[in-house]
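For the sequence shown, the tail end lands on 70 under this note's numbering, and the numbers increase by one without skipping.
Some notes on the structure that comes next.
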Amino acid sequence: AKGGIAVARTPIAEIDFEVGETIIIKEGSFAGLPGSISEIKPESGKLIVLVSLFERETPVELSFGQVEKQ
């Protein structure tokens with residue numbers, strides 16, 4: 001790019017999740033627990049999932065591969 005910043009155009013992976021959807025966590029400290037998607041970050045391949053811990057909704061950042069549809 002002439003006089004500018006070259007930006008690599010990487011195709012964003014197709015996202016099969018929706019905000020508000022209930023998922024099951026497959027791996028990590030919260031494996032086996034259900035959660036509700038509160039935010040999707042396609043550029044980093046991460047999800048913010050609300051997990052109920054001690055009767056509180058706790059936001060947890062997970063990668064797409066760490067969760068599965070319920």
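Beta carbons: idealized from backbone N, C-alpha and C, even for Gly.
Within the same chain, ILE37 come within 6 angstroms of GLU21 by CB-CB distance, once the 5 residues on both sides are set aside. With respect to the C-alpha of ILE48, the residue from VAL60, ARG56 and GLU55 having the closest C-alpha is VAL60. Annotation: the continuous beta strand (DSSP E) that includes VAL51 extends over 46-53.
Spanning the alpha carbons of PHE54 and PHE17 requires a straight line of approximately 26 angstroms.
A direct Cα-to-Cα measurement between PHE30 and ILE40 gives close to 18 angstroms.
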